[in-house]
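Each remark here refers to the structure printed beneath this line.
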Amino acid sequence: MFAPAPFLLKDVSVSQVMIQVCVALIPGIAAYASLVGPAILVQLVIATLAALIAEALMLKVCRKPMALFLSDGSAIVTAWLIALTFPPLAPWWLIATGTAFAIVVAKHLYGGLGQNPFNPAMVAFAVCIVAFPALMSQWPSVGLQLGLIEQMNIILGWAPRVDALTGATPLDAMKTALKLGDGSFDVTTLLANQDIYGNFAGRGWEWVAAGYLLGGLWLWHRKLITWHVPVAFVASLSLISGALWIYNPSQFASPLFHLLSGGAMLGAFFIATDPVSGCTTPRGKLIFGAGCGLLAYIIRVFGGYPDGVAFAVLLMNLCAPVIDLLTQPPIFGMKDKA
Amino acid sequence: MITREEFKTIAENGIWKQNTSIVQILGLCPLLAVTTNAVNGIMLSLATIIVMALSGVAIASLRNLIPHEIRIPVFILIVAALVTVVDLLFNANLHELYLVLGIFIPLIVTNCIVLARVEAFAAKNPPLQSTFDGIFMGIGMLWTLGLLGALREFIGSGTILGGIDMVFPDLHPIQVLPESYPGFLLALLPPGAFILLGCLIAWKNWMEARAAERAKLKPPAPIATAGCH
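Residue numbers (the numbering used here), protein chains in the order written: chain A, 393 to 730; chain B, 523 to 751.
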């Protein structure tokens with residue numbers, strides 16, 4: 393991948409960046425674990441193991457230095473993002489398949505670390521939601537309190553999967569109501585009546601989103617990401633959801649709901665900011681982030697999938713090289729672009 | 523007549539060196555659409571083989587009578603007539619399979635492979651050679667589509683020989699993976715066909731690179747590929 397001048401190198405290694413990204417994810421993971429229980433931690437372990445095994449296998453096949461690439465932590469970040477976007481009670485093989493696909497196909501078949509045109513974690517999500525749509529939409533019911541053993545049994549397939557365990561996500565419930573389209577539906581009453589909604593968005597999920605926001609702000613403070621992508625993402629998502637909300641508040645949810653629902657915060661700070669598959673020029677990053685936010689809204693509200701962030705990021709990944717080409721900053725000493 | 527050397531070259535080109543699906547990358551549309559199992563891929567390839575062999579002999583025999591300026595419409599007319607024959611044959615004898623393959627049998631007319639071989643080979647060579655060229659190009663397509671179909675079916679639903687009962691009513695698909703296999707739907711969708719076709723192409727290139735390495739020869743120049751559909 394190429395980036396425009398100036399070519400100033402910061403003296404940090406890949407592994408240092410990756411460790412800090414993992415640290416930044418911890419507030420979100422903590423909120424997540426307090427919401428759904430230890431299942432998410434089990435999924436993180438499964439994804440990490442799958443990622444490391446797949447990575448080691450591909451490094452061996454490609455005859456690349458094993459220790460150097462295994463310890464850089466990039467596979468672990470991919471694995472964690474996958475675990476955080478998959479349903480927490482998904483069977484172990486689902487997340488293992490997704491992770492293996494991300495590492496083997498989306499990362500190594502395209503040339504390995506730094507060469508992948510698509511975000512590997514989002515490829516895993518897209519592949520699994522296309523291949524296993526039913527399992528990928530089974531999110532745990534609200535207020536479901538299961539112990540570690542019960543959750544382990546469900547994930548490892550030793551206990552039967554019961555329908556009562558899972559329910560519609562807040563975004564799903566809203567879309568179903570919207571698609572009924574008989575005019576009887578009102579967002580404000582829906583939000584007030586159904587117990588899956590909390591103060592701002594999905595109950596409990598809003599605090600997970602807040603945790604990602606906190607981690608993301610810390611990443612920005614550490615200068616590991618620039619402000620462009622998250623700000624553009626949040627701004628475009630707020631703008632379109634706000635416009636439709638003002639136009640018809642009974643049919644469309646408020647911007648706050650959309651910002652704190654689904655993968656919006658994780659996407660804005662951790663996924664769309666991927667330096668490899670995203671844009672590199674400052675103006676390009678703004679366009680990239682805004683495109684992700686806009687597409688995510690359109691897909692999650694009008695599309696057929698429960699959330700739109702993954703497909704929005706993948707579609708913008710496709711556009712990233714062209715955006716970079718068209719937004720080259722002027723060369724030093726030139727008035728316009730060369 | 524045909525010499526042994528000529529025959530060998532034609533066979534080698536059709537099956538491996540200029541394989542329609544993994545070297546020329548032609549006819550992707552039927553490839554993506556019908557290779558959801560091996561039987562569909564093989565039967566469509568068989569239909570294509572019949573058309574290619576017959577069009578090869580027909581056009582090679584008429585090649586000196588067809589005016590050069592209007593050769594393409596004439597080729598298409600001849601191919602279309604032959605495809606109609608095959609279409610009716612499938613409809614009459616393999617009706618269930620005909621319903622599955624659907625539009626892709628009539629679409630053999632527009633398949634680049636057929637027109638490409640007619641234009642590149644049959645229009646310049648005697649009938650016997652042209653017939654063999656059509657047959658071996660078709661066999662190249664047959665094993666690739668059959669392999670791709672088998673892989674997609676195995677990964678996608680865990681069976682082999684799905685749809686065999688449409689050709690031989692006494693035979694049944696074999697469930698290879700356990701019944702609890704959830705199925706990997708992606709492999710049965712067009713993206714899965716693209717990914718697996720990419721893997722097949724990589725495998726072929728790897729085989730050639732390895733062969734070249736063993737022979738200690740200079741690696742062959744990359745073969746130009748033409749996109750179509």
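The beta-carbon is built from N, C-alpha and C at its ideal position, and this holds for glycine as well.
With 16 or more other Cβ atoms inside 10 Å of its own Cβ, proline 698 of chain A counts as buried. Against chain A, the beta carbon of phenylalanine 706 of chain B has neighbours under 7 Å at Ala523, listed in chain order.
Isoleucine 630 of chain B sits away from threonine 557 of chain B, with the two beta carbons spaced by 8 Å or more.
Burial is judged here by how many other beta carbons sit within 10 angstroms of a residue's own beta carbon; glutamine 507 of chain A has fewer than 16 and is exposed. The contact set of valine 497 of chain A on chain B, defined by CB atoms closer than 9 Å, consists of Ile717 in chain order.
Look at proline 641 of chain A here: in three-state DSSP terms it is coil, with no helix or strand label. For valine 453 of chain A, the closest Cβ of chain B is not nearer than 8 Å. Across the structure, alanine 672 of chain B and threonine 489 of chain A are spaced so that their CA atoms are roughly 21 Å apart.
Distance from the CA of phenylalanine 662 of chain A to the CA of leucine 631 of chain A, rounded to the nearest whole angstrom, comes to 21 Å. Three or more Cβ pairs closer than 8 Å define a contact, and the segment 546-555 of chain B falls short of that threshold against the segment 580-594 of chain B. The Cβ neighbour count for proline 525 of chain A, taken over all protein chains shown within 10 Å, is under 16; the residue is labelled exposed.
When the alpha-carbon of histidine 694 of chain B is set against those of B:Glu701, B:Ile682, B:Leu604, the nearest one is in B:Ile682.
With a minimum length of 4 residues, the unbroken runs of alpha helix (DSSP H) contained wholly in the segment 596-654 of chain B fall at 617-623, 634-639. Histidine 613 of chain A counts as exposed, since fewer than 16 other C-beta atoms from the protein chains shown sit within 10 angstroms of its C-beta.
Tyrosine 502 of chain A and threonine 672 of chain A have their C-alpha atoms roughly 19 Å apart. One thing to note: valine 579 of chain B has its Cβ no nearer than 8 Å to the Cβ of threonine 531 of chain B. Not one beta carbon of chain B lies nearer than 8 Å to the beta carbon of valine 515 of chain A. Under the Cβ criterion (8 Å, minimum of three pairs), the segment 686-701 of chain B does not count as touching the segment 453-473 of chain A. Distance check between valine 705 of chain A and each of A:Phe510, A:Gly696, A:Gly608 places A:Phe510 closest, using alpha-carbon atoms only. Here isoleucine 682 of chain B is bridged, per DSSP, to B:Ile696. Chain-order list of chain B residues neighbouring valine 705 of chain A: empty, with the shortest C-beta distance near 17 Å, by a criterion of under 9 Å. Within chain A, Val522, Ala523 have C-beta atoms less than 9 Å from the C-beta of leucine 711 of chain B, given in sequence order. The three-state reading of DSSP puts aspartate 716 of chain A in helix, counting H, G and I together. Using a CB distance cut-off of 8 Å, valine 469 of chain A does not count as an interface residue toward chain B.
DSSP places asparagine 562 of chain B in the uninterrupted alpha helix (DSSP H) bounded by 560-584. Contacts between valine 519 of chain A and chain B, judged by CB atoms closer than 8 Å, involve Leu708 in chain order. A Cβ-Cβ contact shorter than 8 Å links valine 561 of chain B with isoleucine 686 of chain B. Annotation for glutamate 618 of chain B: Met688 place their beta carbon closer than 7 Å to its own, counting only its chain and skipping 5 residues before and after. Look at phenylalanine 510 of chain A here: in three-state DSSP terms it is coil, with no helix or strand label. Under the three-state reduction of DSSP output, leucine 707 of chain A falls in the helix class. Here leucine 616 of chain A carries a coil assignment [DSSP, helix/strand/coil]. The C-beta distance from lysine 567 of chain A to glycine 504 of chain A rounds to 38 Å, too long to fall under 8 Å, and the pair is not in contact.
Around the beta carbon of histidine 620 of chain A, a 10 Å sphere encloses 16 or more other beta carbons of the protein chains shown; the residue is thus reported as buried. The straight-line gap separating the alpha-carbon atoms of phenylalanine 694 of chain A and valine 497 of chain A is approximately 30 Å. A distance below 8 Å between beta-carbons, with the five flanking residues on each side excluded, links arginine 674 of chain B to the following residues of its chain, in chain order: Thr557, Thr558, Asn559, Ala709, Leu710, Gly714, Ala715, Leu718.
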